[in-house]
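Mature numbering (1 follows the signal peptide of the UniProt record, and there is no 0) puts the sequence shown at residues -22 to -1, 1 to 632.
Where is the CB? At the ideal position from N, CA and C, for every residue including glycine.
As the structure is a prediction and not an experimental result, all values here were calculated from the model.
Contents: one structure, followed by commentary.
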Amino acid sequence: MRAPMICWAFLLLALFGNACNGFYLPGSYMHTYSPGDVIFAKVNSLTSIETELPFSYYSLPYCQPKEGVKKSAENLGELLMGDQIDNSPYRFRMNVNESVYLCTTKPLSEHEVKLLKQRTHDLYQVNMILDNLPVMRYAKQNGIDIQWTGFPVGYTPQNSNDDYIINHLKFTVLVHEYEGSGVEIIGTGEEGLGVISEADKKKASGFEIVGFVVVPCSVKYDPDAMIKHQIYDNVSSVSCPLDLDKSQIIREQERISFTYEVEFVKSEIRWPSRWDAYLKMEGARVHWFSILNSLMVIFFLAGIVFVIFLRTVRRDLTRYEELDKEAQAQMNEELSGWKLVVGDVFREPDCSKLLCIMVGDGVQITGMAIVTIIFAAFGFMSPASRGMLLTGMILLYLFLGIVAGYVAVRMWRTIKGTSEGWRSVSWLVACFFPGIVFVILTILNFILWGSQSTGAIPISLYFVLLALWFCISVPLTLLGGFMGTRAEAIQYPVRTNQIPREIPARKLPSWVLVLGAGTLPFGTLFIELFFILSSIWLGRFYYVFGFLLIVLLLLVIVCAEVSVVLTYMHLCVEDWRWWWKAFFASGSVSIFVFLYSINYLVFDLQSLSGPVSAILYLGYSLIIAVAIMLSTGTIGFLTSFYFVHYLFSSVKID
């Protein structure tokens, strides 16, 4: 029955794909331009892998637009990431090759020189955007071609104490001639959802921008001659000088002239493929190795679980069920292993309210991660839509509060046997993880404010986040908690004794085993973790969400298996306090993630300079580690809970 349904599903998918006639989802709405159409570039915050502190483009003495600086509308994710997109004076006219004068600055003050030198030494990059494409430059390093987004503020030559500013830009804009037929494009970018219909296709004919490349130069001009020009006057084209005497030095009282050249080049790249150059997937074999490594761990653990279930547990239960009541009573006196803790296995754990709260938050985080990665894997969260990934994650987290409240309160009812106190559980679920994040972000924000970075969250955004928290997340969590009180409580299959059973002494403390168990989930995760950290801290695009989805599913399986195996091992040595151990058996992976983050900081982010940057890095890493602990711990705990429930529901002991 199932096979024909799957076949029909694939057939419908194939027919839908054929009907779409070039259906494309990621990216922003396509723009076509006629020859001579004016397009202005935008500028994002200055960024550096040395400091991780973004600054406004206009914090440096650059040329400003005629109409003044205007900020672009930014979504929640862009604001939290420290993006500040402004208009710029860089004007492009479609298919018009020209060399243009922008402006000449006033004599540089001591403060401006200090700032320019500091940004140059810290390797700050200018991030320019044209038609939603970041500017790209190519460079050679040790004989290898490397592509970068953005271009440097300036540079310091070897064996020199002087710094030179980039004041002349050679742009190459790749354009593709669009005939307006044979393709329908749906966009999910900053301009919103839109479809090019048949009626619009003739209007849409023109040129699409499919590439944006820059060659940065430092050129010394005569300021007295250049100041006679007006903005956008044509000037003679120049070559990038190799001689430092012909480059523009940064020093006091210097007047710097800014110019740029633009060349339009026809390209065979089509608009849907224009992001391919940015999203080139490097190290595909490494990703597959990561997945194969995870599969080996899973099969190893699955073998252990198989032995536990089918050989040990099933054998014991079958033997037990075959005995008559008299023999069962005699066997009860000779019981050993997990069967001895039948009267204590469901005894209320220590800090049961905290456990329910952490499980509720873990369900919320896990749901958010899975749904976000699925959407990203299907192309709904393109890097062309800046901040969309983070915005989507926040909104999903808010609305999944209803699930968190339901799970936490139902678990509370199961442990306590009553709904009393469900409101405080729901409130604490709504405030526990967001409260931790809020405290850490506030401390980091004071540091960013002190550094005058655009990465600092504005006060207005704080109020927006608090409004979202208390007007959406908290009410939904309380609603979920109320639904949890109305749901049927999970009934324990065995009664709990009044007097707790003594736990036999062991040579090694149980936390050693629990801590060691975290190495197995970490083994499935650490390779992909390297790529994610490189994306966050080295400014690289991460778009292999298909691999990430596979790794996430494998991580869920490993966490479940590890927790079940460890819970069974504890029960076999008559340790009935399995609740927290089941949680931290898989949740302890977060300790290894945090330690790996420190290792990455020391060995891979050696360029990161200053205590401020290190504190920011560790603060964000701590948030990620807490989220991973809650998520993986919840997966392990819920699997172990249902395992123990199933195990003892098969035993009839009075």
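Assumed close pair residue i, residue j - CB separation to whole angstroms, cut-off 8 Å
{"i": "Ala408", "j": "Gly379", "result": "6 Å"}
{"i": "Val529", "j": "Ile269", "result": "7 Å"}
{"i": "Gly496", "j": "Ile569", "result": "6 Å"}
{"i": "Ser541", "j": "Ser564", "result": "5 Å"}
{"i": "Ile107", "j": "Phe70", "result": "Not confirmed; about 12 Å, so no contact."}
{"i": "Ser225", "j": "Lys198", "result": "6 Å"}
{"i": "Ile425", "j": "Ile205", "result": "Contact doesn't hold; Cβ gap of about 41 Å is too wide."}
{"i": "residue 721", "j": "Phe523", "result": "Nothing in the structure corresponds to residue 721, since the chain is present only between -22 and 632."}
{"i": "Ile282", "j": "Val543", "result": "5 Å"}
{"i": "Glu539", "j": "Ile276", "result": "7 Å"}
{"i": "Pro471", "j": "Phe278", "result": "Going by Cβ atoms, the distance from Pro471 to Phe278 rounds to 30 Å, so no, they are not a contact pair."}
{"i": "Met336", "j": "Leu608", "result": "6 Å"}
{"i": "Ser429", "j": "Val590", "result": "6 Å"}
Check whether residue i and residue j have beta carbons under 7 Å apart
{"i": "Ile418", "j": "Ile601", "result": "yes"}
{"i": "Asp109", "j": "His207", "result": "no"}
{"i": "Phe236", "j": "Cys449", "result": "no"}
{"i": "Ile477", "j": "Asp553", "result": "no"}
{"i": "Ser618", "j": "Ala560", "result": "yes"}
{"i": "Thr83", "j": "Pro39", "result": "yes"}
{"i": "Leu24", "j": "Tyr102", "result": "yes"}
{"i": "Leu376", "j": "Ser438", "result": "no"}
{"i": "Lys48", "j": "Asn73", "result": "no"}
{"i": "Leu533", "j": "Leu503", "result": "yes"}
{"i": "Leu573", "j": "Tyr595", "result": "no"}
{"i": "Asp140", "j": "Ile227", "result": "yes"}
{"i": "Asp322", "j": "Arg479", "result": "yes"}
{"i": "Gly132", "j": "Tyr142", "result": "yes"}
{"i": "Ile144", "j": "Ser196", "result": "yes"}
{"i": "Tyr210", "j": "Val78", "result": "yes"}
{"i": "Gly128", "j": "Ser12", "result": "no"}
{"i": "Pro412", "j": "Gln231", "result": "no"}
{"i": "Asn423", "j": "Ile414", "result": "no"}
{"i": "Glu157", "j": "Trp249", "result": "no"}
{"i": "Ser363", "j": "Gly383", "result": "no"}
{"i": "Thr474", "j": "Phe324", "result": "yes"}
{"i": "Met114", "j": "Gln125", "result": "yes"}
{"i": "Leu583", "j": "Val319", "result": "no"}
Beta-carbon proximity list for residue i, same chain, < 8 Å, skipping 5 on both sides
{"i": "Pro(-19)", "result": "Unreliable placement is indicated for Pro(-19), whose pLDDT of 38 sits below 50; no coordinate value is reported for it."}
{"i": "Thr463", "result": "Val387, Arg391, Ser397 and Trp400"}
{"i": "Glu76", "result": "Asn212, Glu239 and Val240"}
{"i": "Val381", "result": "Val341, Gln342, Gly345 and Gly458"}
{"i": "Gly395", "result": "Ala467"}
{"i": "Ser215", "result": "Ser77 and Glu239"}
{"i": "Glu311", "result": "With a pLDDT of 45 at Glu311, under the threshold of 50, the modelled position of this residue cannot be trusted, and the question is left open."}
{"i": "Asp223", "result": "Lys198"}
Contacts around residue i, its chain only, beta-carbon distance under 7 Å, and the 5 residues preceding and following it disregarded
{"i": "Met59", "result": "Gly365 and Leu368"}
{"i": "Ile(-17)", "result": "With a pLDDT of only 33 at Ile(-17), under the threshold of 50, the placement of this residue in the model should not be trusted, and no figure is reported."}
{"i": "Phe621", "result": "Val542 and Thr545"}
{"i": "Cys41", "result": "Pro67, Leu80, Cys81 and Phe236"}
{"i": "Arg252", "result": "Leu111, Val188 and Gly189"}
{"i": "Trp557", "result": "Pro327 and Leu333"}
{"i": "Ser245", "result": "Leu152, Val153, His154, Val188 and Gly189"}
{"i": "Val91", "result": "Ile228, Arg229 and Glu230"}
{"i": "Leu516", "result": "Ile27"}
Sequence-distant residues of its chain with Cβ nearer than 6 Å to residue i (five each side left out)
{"i": "Val571", "result": "Ala603 and Ile606"}
{"i": "Val385", "result": "Gly338 and Val341"}
{"i": "residue 639", "result": "The chain is shown from -22 up to 632; residue 639 falls before or after that span and cannot be answered."}
{"i": "Gln62", "result": "Ser23, Ser34 and Thr432"}
{"i": "Ala177", "result": "Low per-residue confidence applies at Ala177: pLDDT is 43, beneath 50, and the placement is therefore not dependable, though the value from the model is reported in the following sentence. Taken in chain order, the list of residues that qualify is empty."}
{"i": "Ala465", "result": "Arg388"}
{"i": "Asp100", "result": "Ser26, Glu28 and Thr29"}
{"i": "Gly501", "result": "Val275"}
Short CB-CB distance (under 7 Å) between residue i and chain C
{"i": "Gly588", "result": "The structure shown has no chain C; it contains just one protein chain."}
Taking the runs of the alpha helix (DSSP H) that are 4 residues or longer, which of them lie wholly in the region 323 to 363? Entirely contained in the region 323 to 363, the alpha helix (DSSP H) runs reaching 4 residues are, in chain order, 330 to 355.
On the three-pair Cβ rule with 8 Å, is the region 331 to 341 touching the region 477 to 495? Too few Cβ pairs lie closer than 8 Å, so no.
What are the start and end residues of each continuous alpha helix (DSSP H) run of 4 or more residues lying completely inside the region 386 to 434, in chain order? Whole alpha helix (DSSP H) segments, 4+ residues: 400 to 428.
Across the region 147 to 159 and the region 184 to 192, are there enough close Cβ pairs to call them in contact, namely three or more that are closer than 8 Å? Pairwise C-beta distances place the region 147 to 159 in contact with the region 184 to 192, as three or more of them are shorter than 8 Å.
In chain order, each alpha helix (DSSP H) run of at least 4 residues that lies wholly inside the region 48 to 100: You should have 54 to 58 and 88 to 99.
Going residue by residue through the region 215 to 250, where are the continuous alpha helix (DSSP H) segments of at least 4 residues, counting only ones entirely within it? Runs found: none.
Pick out the complete beta strand (DSSP E) segments inside the region 506 to 579, 3 residues or longer, and give them in chain order. Entirely contained in the region 506 to 579, not one beta strand (DSSP E) run reaches 3 residues.
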